[in-house]
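Scroll down for the structure; my scribbles are underneath it.
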Amino acid sequence: MLERSIAAVRGIGHRVVDGVWRLGYAARFFLATILHSGVSFRRFQLTIKEIYFSGVLSLIIILVSGLFVGMVLGLQGYQTLQKYGSESALGTLVALSLVRELGPVLAALLFASRAGSAITAEIGLMKATEQLSAMEMMAVDPIARVVAPRFWGGVISMPLLAAMFSAIGVFGGYLVGVVLIGVDEGQFWAQMQAAVDFREDIINGVIKSVVFGVAVTAIALFEGYDAPPTAEGVSHATTRTVVTSSLAVLALDFMLTAFMFQGI
Amino acid sequence: MASDNLIQIRDVNFSYDVRPILKGINMNIPRGKVVAIMGLSGCGKTTLLRLIGGQIMPTSGQVVVDGQVTTDLDSEGIYALRRRMGMLFQFGALFTDMTVFDNVAFQMREHTDLPEELIRDLVMMKLHAVGLHAARDLRPAELSGGMARRVALARAIALDPMLIMYDEPFTGLDPIAMSVIGNLVRKLNDALGATSIIVTHDVQESLQIVDYIYFMADGVVIAEGTPNDIRKSDTAFVHQFVHGEIDGPMAYHYPAPGYAEDMKVGGAHA
Chain A
24 MLERSIAAVR
34 GIGHRVVDGV
44 WRLGYAARFF
54 LATILHSGVS
64 FRRFQLTIKE
74 IYFSGVLSLI
84 IILVSGLFVG
94 MVLGLQGYQT
104 LQKYGSESAL
114 GTLVALSLVR
124 ELGPVLAALL
134 FASRAGSAIT
144 AEIGLMKATE
154 QLSAMEMMAV
164 DPIARVVAPR
174 FWGGVISMPL
184 LAAMFSAIGV
194 FGGYLVGVVL
204 IGVDEGQFWA
214 QMQAAVDFRE
224 DIINGVIKSV
234 VFGVAVTAIA
244 LFEGYDAPPT
254 AEGVSHATTR
264 TVVTSSLAVL
274 ALDFMLTAFM
284 FQGI
Chain B
4 MASDNLIQIR
14 DVNFSYDVRP
24 ILKGINMNIP
34 RGKVVAIMGL
44 SGCGKTTLLR
54 LIGGQIMPTS
64 GQVVVDGQVT
74 TDLDSEGIYA
84 LRRRMGMLFQ
94 FGALFTDMTV
104 FDNVAFQMRE
114 HTDLPEELIR
124 DLVMMKLHAV
134 GLHAARDLRP
144 AELSGGMARR
154 VALARAIALD
164 PMLIMYDEPF
174 TGLDPIAMSV
184 IGNLVRKLND
194 ALGATSIIVT
204 HDVQESLQIV
214 DYIYFMADGV
224 VIAEGTPNDI
234 RKSDTAFVHQ
244 FVHGEIDGPM
254 AYHYPAPGYA
264 EDMKVGGAHA
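Top to bottom, those sequences are chains A and B. All the letters of the first sequence, read from the start, carry residue numbers 24 to 287 under the numbering used here. All the letters of the second sequence, read from the start, carry residue numbers 4 to 273 under the numbering used here.
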């Protein structure tokens with residue numbers, strides 16, 4: 024009995040130590056990625072290629088999701104606003120919801136599922152098939168050549184995707200609110216223009232999406248780089264990327280919102 | 004004056020955590036020779052290659068490559084040394100997102116400022132040397148195992164290295180592909196004036212092409228000599244290994260308390 028208890032406590036201790044060690048390793052990995060980013064900018068075509076894979080190839084899912092989210096916002100917003108005779112504020116509701124919250128957050132969650140999982144699987148398989156070792160043996164640093172361009176590709180893509188999500192979402196709200204239901208078009212756009220502040224709303228939304236881009240891409244890269252070089256290892260790492268980065272996005276969103284809109 | 008040995012391994016010990024992998028290894032790899040390191044899977048052969056390439060450092064002892072002690076070098080020194088090495092990995096380790104051409108050109112583009120026209124000519128020469136210049140536009144997924152190994156070999160010799168290391172180059176190949184790779188190893192070594200180390204457990208193919216052999220078991224060198232010495236060796240392990248005998252010092256079963264005990268039958272009828 025005593026032996027079992029000791030073993031259980033020892034097990035907990037090992038898990039805690041492993042967890043802290045992994046956190047430290049992730050921090051060192053992130054720092055190394057930043058410090059070895061020179062190549063990503065000197066040979067910017069490497070980063071552009073990753074912007075294509077992470078950003079351009081995510082466009083379909085981002086645009087389609089954004090359109091539907093905007094359309095749902097239009098419907099739900101109209102239902103509530105008409106009770107108070109404020110249908111004309113529909114444009115404001117749709118735009119602020121998207122620019123402040125839904126655009127950055129949903130785009131980041133979709134980005135984690137599509138691009139984040141792909142990055143983890145790719146890096147994990149490169150490790151499992153010794154491509155990263157081969158690169159090291161060719162005197163090419165894999166952090167500088169493989170990891171850093173993907174990191175910056177993700178960080179640059181994320182705010183652009185979030186902006187497109189918000190833009191197409193506003194269009195979706197317009198389609199439902201103005202074209203389908205018949206809200207006054209002039210009121211829809213004029214109230215939106217008057218209510219949305221460039222610094223308070225747009226810039227804060229962009230800051231959020233940059234932070235989410237850093238978090239999701241860093242998590243995806245680390246999970247791939249740290250994955251055990253087996254099929255099972257890569258599969259678990261890919262799952263962890265989606266789960267961890269989704270939770271990180273939601274937690275970061277709460278913290279950023281608390282800081283950004285505390286005066287409201 | 005440069006030593007006759009390109010690589011000297013002196014009293015090298017290496018452990019993963021507390022598990023010893025190499026125990027007091029001493030080896031000399033002479034310049035211009037093809038040397039094989041043989042032994043069963045898990046005896047520390049690949050670890051030795053990683054030590055020579057500076058990917059890991061010995062727990063104690065020295066690895067001297069072309070007069071430079073790897074433990075004395077910083078990461079830039081190690082990278083400078085690796086630029087003069089080529090390595091063929093067990094399954095090629097070709098970059099799957101690049102064509103055959105781009106794989107071979109990879110190091111040239113990373114480490115030199117050569118114009119693209121010159122790189123093209125050099126890559127075609129390297130691919131021609133392994134008989135695959137026509138496969139330049141294929142992707143690694145479109146290659147057979149033997150072709151992938153030859154492309155990886157062309158990539159390993161891209162910058163005319165002083166040392167070429169082969170990690171199990173014959174694994175999973177058909178007999179023809181095996182002979183092709185074996186001949187290439189020998190010919191390229193002699194043509195480039197390089198030195199080669201082959202880590203393998205393929206005895207018959209290796210004995211035909213190498214100049215010298217080290218036999219390893221359980222982290223130590225247990226025999227060494229020329230192919231003729233090895234063929235005639237009366238060391239029990241070497242004899243068992245060379246002739247592929249089931250009975251010998253290397254047991255077939257993984258060490259265990261006993262089959263009968265595991266099956267809980269008391270041992271009488273095991």
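Where is the CB? At the ideal position from N, CA and C, for every residue including glycine. Please read all numbers here as calculations on a predicted model, not as lab measurements.
The beta carbon of residue 119 (chain A) is closer than 8 Å to those of 218, 219 and 224 in its chain, skipping five residues each way along the sequence. In this chain, the beta strand (DSSP E) harbouring residue 26 (chain B) covers 22 to 33. Judged by DSSP in its simplified three-state form, residue 153 (chain A) adopts coil rather than helix or strand.
For residue 156 (chain A), the nearest beta carbon of chain B is closer than 8 Å to its own beta carbon.
Just so you know, the alpha carbons of residue 49 (chain A) and residue 39 (chain A) end up roughly 15 Å apart.
Relative to residue 169 (chain B), the option among B:16, B:196 and B:209 whose CA is nearest is B:209. Buried is the label assigned to residue 265 (chain A), since at least 16 other Cβ atoms lie within 10 Å of its Cβ. Under DSSP, residue 12 (chain B) takes part in a beta bridge, and its partners are B:30 and B:66.
DSSP, read as helix, strand or coil, puts residue 179 (chain B) in helix. Within a 10 Å sphere around the beta-carbon of residue 75 (chain A) sit fewer than 16 other beta-carbons, which makes this residue exposed. Approximately 5 Å separates the beta-carbon atoms of residue 133 (chain B) and residue 157 (chain B); this is inside 8 Å, confirming the contact. Within the segment 25 to 73 of chain A, the alpha helix (DSSP H) runs of at least 4 residues that lie entirely inside it are, in chain order, 25 to 58 and 61 to 65. Per DSSP, residue 224 (chain B) is not a residue of any alpha helix (DSSP H); the beta strand (DSSP E) it occupies stretches across 223 to 228. At a cut-off of 8 Å, the C-beta of residue 40 (chain A) has no neighbouring C-beta in chain B. Sequence-ordered contacts of the segment 158 to 183 of chain A with chain B read 159, 160, 161, 162 and 163 [C-beta pairs closer than 7 Å]. Classified as buried, residue 162 (chain A) has 16 or more neighbouring CB atoms from the shown chains inside 10 Å of its CB. Non-local beta-carbon contacts of residue 196 (chain A) in its own chain, meaning distances under 6 Å to residues more than five positions away in sequence, involve 93, 96, 97 and 117 in chain order.
With 16 or more other Cβ atoms from the protein chains shown falling within 10 Å of its own Cβ, residue 240 (chain B) counts as buried. No Cβ-Cβ contact shorter than 8 Å links residue 57 (chain B) with residue 13 (chain B).
Residue 191 (chain B) and residue 215 (chain B) have their C-alpha atoms some 17 Å from each other. Within the segment 96 to 115 of chain B, contact with chain A at the beta-carbon level (separation under 9 Å) is assigned to 96, 97, 98, 99, 100, 109, 110, 113 and 114. Residue-level contact check: residue 58 (chain B) touches chain A, since one or more beta carbons of chain A fall below 8 Å from its beta carbon. For residue 218 (chain B), not one C-beta of chain A is nearer than 8 Å to its own C-beta.
A check of alpha carbon separations from residue 212 (chain B) across B:38, B:17 and B:248 identifies B:38 as the nearest. Contact annotation: in the segment 70 to 83 of chain A, no residue has its CB less than 7 Å from a CB in chain B. For residue 103 (chain B), the uninterrupted alpha helix (DSSP H) run begins and ends at 103 to 114, by DSSP. Here residue 110 (chain B) is buried, its C-beta having at least 16 other C-beta atoms within 10 Å.
By a beta-carbon distance limit of 8 Å, residue 86 (chain A) contacts residue 187 (chain A). Their separation comes to about 6 Å. Under the DSSP definition of a beta bridge, residue 202 (chain B) partners with B:40 and B:170.
According to the DSSP assignment, residue 271 (chain A) belongs to the alpha helix (DSSP H) that extends over 254 to 283. At a beta-carbon threshold of 9 Å, the residues of chain A lying near residue 90 (chain B) are 156, 157, 160 and 161, ordered along the chain. CA-CA distance, residue 78 (chain A) to residue 104 (chain A), rounds to 35 Å.
Per DSSP, reduced to three states, the secondary structure at residue 211 (chain A) is helical. Annotation for residue 29 (chain B): 12, 13, 14, 15 and 224 place their beta carbon closer than 8 Å to its own, counting only its chain and skipping 5 residues before and after. With fewer than 16 other Cβ atoms inside 10 Å of its own Cβ, residue 235 (chain B) counts as exposed.
As the crow flies, the alpha-carbon of residue 140 (chain B) is around 6 Å from that of residue 102 (chain B).
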